[in-house]
Amino acid sequence: YDYLLRPRKMGTLMLGAARIRSKGKWIESKPLRFEISKSAAPPTDQNDPRARAARNSFMKIRASKRTVYVGEPLVLEYILYYNDAEMPQQQEDLDIQGFYKQDLEVPENEQKGKEVIDGKSYDTYIFKRQLLVPQLSSASISGQALVMIPTYLPSKRRDIFGRRQMELIRQRVMLSAPKLEVRSLPRENRPASFNGAVGQFRFQMDLSRAEVEADGSVTLNTQLSGTGNIGLLNLPEPRFPSEFEAFDP
Numbered sequence: 098y099d100y101l102l103r104p105r106k107m108g109t110l111m112l113g114a115a116r117i118r119s120k121g122k123w124i125e126s127k128p129l130r131f132e133i134s135k136s137a138a139p140p141t142d143q144n145d146p147r148a149r150a151a152r153n154s155f156m157k158i159r160a161s162k163r164t165v166y167v168g169e170p171l172v173l174e175y176i177l178y179y180n181d182a183e184m185p186q187q188q189e190d191l192d193i194q195g196f197y198k199q200d201l202e203v204p205e206n207e208q209k210g211k212e213v214i215d216g217k218s219y220d221t222y223i224f225k226r227q228l229l230v231p232q233l234s235s236a237s238i239s240g241q242a243l244v245m246i247p248t249y250l251p252s253k254r255r256d257i258f259g260r261r262q263m264e265l266i267r268q269r270v271m272l273s274a275p276k277l278e279v280r281s282l283p284r285e286n287r288p289a290s291f292n293g294a295v296g297q298f299r300f301q302m303d304l305s306r307a308e309v310e311a312d313g314s315v316t317l318n319t320q321l322s323g324t325g326n327i328g329l330l331n332l333p334e335p336r337f338p339s340e341f342e343a344f345d346p
């Protein structure tokens, strides 16, 4: 078993013994003692493996909008910038409060790309895409996301053919939450039936045919489409004349 531990305070911390039962007997490890101090400064030596790995591969969180109204959707994307790296592994997520949240599938033709940063070309990969819809004006995104990026660097070792071997550096990267402003919806001219749906929507009703004989049947189709938090809308119930008998589809 491999666990990642991140202390939340400085001082002396103790990790108790682990126990496992094997062949009717208990096997126990020794307790571990940790001295927790302030975070280590990033390496100043540009040739340090950690510094080289950080230049080789890193991640960013991109928000489609920085200012939204309650009910207005936005998209968060976790983007990997890399040269030689494996798929990142997310180990802790942001603290997202007051939002409706849904993971979105990223189409294959959008997952990969290229981008130049400070004159250096990187391959890009959209690791994660989330839809967020604020439900309250107090909705917030805080904390940090912890991501592990397996990054490969050329080492000083060579194989029997003289080719330079690669060294694997497991980067653990903290990604800060993007700063967002969530605004309340205006109260002026707000309809009494308003339930929080924000966007541009279209509602259509179609009959399968315009003429029908007595005891015949006709199908009524209703469709709601558009952009926005459409999930908060309910289709209205049609009212039929008493001469009609209605059945569920």
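Position 198 of the sequence shown, counting from 1, maps to 295 under our numbering, and the rest follow consecutively. Virtual Cβ for every residue (Gly too), placed ideally from N, Cα, C.
* **For Phe-224, the nearest candidate out of Gln-208, Ala-236, Ser-239 (CA to CA)** => The residue you call residue 224 lines up with position 127 of the sequence shown. Checking every option, the nearest Cα to that of Phe-224 belongs to Gln-208.
* Asked: Would the beta-carbon of Leu-329 fall within 8 Å of that of Gly-293?
  -> Translated into the one-based positions of the sequence shown, residue 329 becomes position 232. Translated into the one-based positions of the sequence shown, residue 293 becomes position 196. For Leu-329 and Gly-293, yes; Cβs fall inside 8 Å.
* Asked: Nearest to Glu-132 by CA position, among Arg-163, Gln-262, Arg-105, is which residue?
  -> The count along the sequence shown starts at 1 and reaches residue 132 at position 35. Out of Arg-163, Gln-262, Arg-105, Arg-105 has the C-alpha closest to the C-alpha of Glu-132.
* Looking at the structure shown, is Arg-254 part of a helix, part of a strand, or coil, going by DSSP? -> Along the sequence shown, one-based indexing puts residue 254 at 157. Looking at Arg-254 - three-state DSSP - the assignment turns out to be strand.
* Of the choices Glu-278, Leu-110, Arg-116, whose alpha-carbon is the least far from that of Tyr-98? -> As a working mapping, residue 98 is identified with position 1 in the sequence shown. For Tyr-98, the nearest C-alpha among the options comes from Arg-116.
* Asked: At which residue ranges does the stretch 244-313 contain complete beta strand (DSSP E) runs of 3 or more residues, listed in the order of the chain?
  -> 261-273, 278-280, 296-304
* Inter-residue Cα distance where the pair is Pro-251 and Glu-202 -> Locating residue 251 in the sequence shown gives position 154, where the first residue counts as 1. Locating residue 202 in the sequence shown gives position 105, where the first residue counts as 1. Approximately 34 Å, taken between the alpha carbons.
* Asked: With a Cβ-Cβ cutoff of 8 Å, do Pro-346 and Val-279 count as a contact?
  -> Locating residue 346 in the sequence shown gives position 249, counting from the first residue. Locating residue 279 in the sequence shown gives position 182, counting from the first residue. For Pro-346 and Val-279, no; Cβs fall outside 8 Å.
* For Ser-165, is the classification buried or exposed, using 16 other Cβ atoms within 10 angstroms of its Cβ as the cut-off for buried? -> Along the sequence shown, read from residue 1 onward, the residue named residue 165 stands at position 68. Note that residue 165 is Val in the sequence shown, not Ser. Buried: at least 16 other Cβ atoms inside 10 Å.
* Where Asp-181 and Ala-242 are concerned, what is the direct C-alpha to C-alpha distance, given to the nearest angstrom? -> Here residue 181 refers to the residue found at position 84 of the sequence shown. Here residue 242 refers to the residue found at position 145 of the sequence shown. Between Asp-181 and Ala-242, the C-alpha separation is close to 22 Å.
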